[in-house]
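Protein sequence lines, in the order shown, are assigned to chains U and D. To convert, take the position in the first sequence, counting from 1, and add 122; that gives my numbering. To convert, take the position in the second sequence, counting from 1, and add 122; that gives my numbering.
Protein chains: 2
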Amino acid sequence: MLIDVKPLYSEIKNSIMDRMSKLKKVPKLVAVTYKPDPSTISYLKSQEKAAKRFGLDYEIFEASNSSEVLEKLRNLSEDKSVNGIFVTHPLPELDEMLVFENLSPEKDIEGRHPYNLGMLMYGNEFFAPCTAEAVVKILENVTEITGKNVVIIGRSTTVGKPLATMLLRRDRSATVTVCHTKTKNLAEITRNADIIVAAAGKAGLVTKEMVNADSIVIDVGINVVDGKIVGDVKEEVSEIAKVTPVPGGVGRITTALLMEHVVKSAEKMNF
Amino acid sequence: MLIDVKPLYSEIKNSIMDRMSKLKKVPKLVAVTYKPDPSTISYLKSQEKAAKRFGLDYEIFEASNSSEVLEKLRNLSEDKSVNGIFVTHPLPELDEMLVFENLSPEKDIEGRHPYNLGMLMYGNEFFAPCTAEAVVKILENVTEITGKNVVIIGRSTTVGKPLATMLLRRDRSATVTVCHTKTKNLAEITRNADIIVAAAGKAGLVTKEMVNADSIVIDVGINVVDGKIVGDVKEEVSEIAKVTPVPGGVGRITTALLMEHVVKSAEKMNF
């Protein structure tokens with residue numbers, strides 16, 4: 123069975139619209155990029171469309187050299203008309219930490235700045251990484267998390283690690299296991315889980331044999347196979363368990379939450 | 123069997139002494155406290171002794187009101203003669219986040235600042251929380267971590283959550299499960315683990331029935347029972363599995379690492 127995230131998406135969108143109607147100014151998101159490759163360009167185009175759909179001001183700044191990136195990040199961090207800064211990644215020639223040193227955590231709507239990631243450990247999710255937050259919202263929407271065994275496959279800094287921390291928060295209290303390429307007996311571990319989050323970025327990783335009839339499977343993967351976008355979970359899994367679709371599952375909620383972060387920042391800045 | 127951490131302690135101490143001999147100035151640690159209770163006072167006394175044992179300059183500042191705490195933290199953060207700042211906690215009347223806003227992450231030798239905790243997710247452990255780091259050092263000393271199933275009992279911000287992140291780092295690559303009070307079938311989970319880290323702060327939590335003959339058990343607990351300091355692991359467990367002692371196990375290494383962080387900071391500050 124596929125999990126339909128559309129009602130949740132509508133709920134988030136309605137809440138954003140409602141909150142925006144209470145602002146005096148239109149919130150603004152700026153994307154900063156440098157030497158974007160074709161997939162980055164296409165991502166930015168769809169981001170622009172989403173921003174317009176939500177009624178946000180949107181701008182793309184393409185730097186002509188790497189020091190211009192850092193200068194722009196410093197300026198945008200100070201700019202009182204800008205609520206959120208999106209940085210395409212990886213940025214060529216630039217160390218990620220250098221990017222963060224020039225980006226205010228207060229406009230880090232992606233939740234990638236070390237300060238915001240550390241805040242998660244204190245239970246403060248003002249800017250959580252959007253994809254991890256999307257998984258949490260979907261789970262809270264479809265099940266009771268407390269006491270459940272959650273197995274996360276993948277230990278990335280954008281999903282696996284922050285998600286583990288978020289699911290341990292007292293109001294959620296899942297028992298969390300993080301698995302990865304070095305994990306032994308992965309199938310045995312996932313078969314015993316109540317919830318499986320597939321976030322390894324590997325098409326076809328989760329098979330029928332790895333789930334049980336009560337499993338809830340959240341598919342975070344976005345892989346291109348034969349020109350088609352597929353997740354980390356094989357289609358066959360939905361014959362047995364509940365699975366979020368790809369595309370149109372976690373990604374859809376992630377986009378909405380990125381926009382919600384811009385609005386949240388605007389509220390904090392008294393827009 | 124008890125795990126003897128003395129050789130590891132000596133190794134860390136020798137490395138610190140060696141590195142200190144290469145400095146031009148003596149590194150300095152300042153502890154800031156406010157309305158300390160008896161256990162905080164006794165902790166600070168033992169910290170002072172440890173600092174002297176390692177040859178560090180040490181000072182205790184007792185604030186007379188809460189705003190003086192914050193002012194002192196700002197001053198010490200700027201003070202070029204100070205390498206590390208220790209803040210007793212919890213501080214009465216003061217929100218923890220307010221403390222962090224006034225404390226430079228560059229002198230946060232305890233590794234409690236959100237910035238330093240977030241850096242762990244990027245694999246940067248310059249200032250990791252000392253107790254979590256002690257567990258990692260002990261494990262690296264007694265076993266090969268890669269591919270092992272590690273079960274951490276306890277999800278604190280000082281041990282459980284940062285430790286999970288640290289054990290997932292690629293050079294360690296443990297499969298990590300974090301359990302807590304809401305976990306179902308704790309004994310079943312721990313029995314299947316290669317490594318158990320008991321960090322719940324509950325005396326007698328880990329019993330013989332929860333381990334197997336090959337288990338390595340790291341006891342992080344420090345509990346006072348009938349005036350005696352005991353860990354989270356029952357004595358009987360050492361009849362079957364390998365266990366670190368309390369006192370004289372994790373705590374001993376933690377203290378050494380706190381001092382090591384001061385030296386590390388001094389090196390960075392070109393002392």
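The C-beta atom is built at its ideal place from N, Cα and C for all residues, glycine as well.
Segment contact: the region 268–283 of chain D against the region 265–275 of chain U, fewer than three CB-CB distances shorter than 8 Å; contact not assigned. Under the 8 Å criterion on CB atoms, residue 306 of chain U is classed as interfacial with respect to chain D. Distance from residue 356 of chain D to residue 329 of chain D at the Cβ level is roughly 5 Å; contact confirmed, criterion being Cβ atoms closer than 8 Å. Contact annotation: the region 243–258 of chain D touches the region 378–385 of chain D, with at least three C-beta pairs closer than 8 Å.
Segment contact: the region 179–191 of chain D against the region 155–169 of chain D, three or more CB-CB distances shorter than 8 Å; contact assigned.
Counting along the chain, the unbroken alpha helix (DSSP H) around residue 386 of chain U starts and ends at 372–390. For residue 285 of chain U, no CB of chain D lies under 8 Å from its own CB, so it is not counted at the interface with that chain.
Within the same chain, Cβ atoms closer than 7 Å to the Cβ of residue 335 of chain U are found at 362 and 363, the five residues on either side in sequence being excluded. When 7 Å is used as the limit between beta carbons, residue 244 of chain D is near these residues of chain U: 236 and 279, in chain order. No Cβ of chain U is located within less than 8 Å of the beta carbon of residue 188 of chain D.
Not a single C-beta of chain U is nearer than 8 Å to the C-beta of residue 332 of chain D. Taking a contact as a CB-CB distance under 8 Å, the pair residue 205 of chain U and residue 150 of chain U counts as one, their CB atoms being some 6 Å apart.
Interface criterion met: the Cβ of residue 301 of chain D is under 8 Å from a Cβ in chain U.
Judged by their CB atoms, residue 309 of chain U and residue 342 of chain U are not nearer to each other than the 8 Å cut-off. Boundaries of the alpha helix (DSSP H) harbouring residue 165 of chain D: 160–175, taken from the DSSP string. Residue burial annotation: residue 312 of chain U is buried, with at least 16 other C-beta atoms found within 10 angstroms of its C-beta. For residue 255 of chain D, the closest of D:236, D:283 and D:229 by C-alpha to C-alpha distance is D:283.
Annotation for residue 257 of chain U: the continuous alpha helix (DSSP H) segment containing it runs 252–264.
With respect to residue 300 of chain U, residue 289 of chain U sits apart: the two C-beta atoms are not nearer than 8 Å. Residue 350 of chain U has U:347 as its beta-bridge partners, per DSSP. A residue is called buried once 16 or more other Cβ atoms fall within 10 Å of its Cβ, and residue 132 of chain U, having fewer, is exposed.
Note on the region 264–344 of chain U: whole beta strand (DSSP E) runs with a minimum of 3 residues are 271–275, 297–301, 317–320 and 338–341, in chain order.
When DSSP states are grouped into helix, strand and coil, residue 202 of chain D belongs to the coil group. Between residue 236 of chain U and residue 222 of chain U, the beta carbon gap of about 6 Å places them in contact (Cβ cut-off 8 Å).
With a beta-carbon spacing of about 6 Å, residue 352 of chain D and residue 368 of chain D fall inside the 8 Å limit used to define contacts.
For the options U:358, U:350, U:134 and U:229, the alpha carbon positioned closest to that of residue 388 of chain U is the one of U:229. Put simply, the backbone Cα of residue 130 of chain U is about 59 Å away from that of residue 145 of chain D. Pairing residue 202 of chain U with residue 217 of chain D, the inter-Cα distance amounts to about 28 Å.
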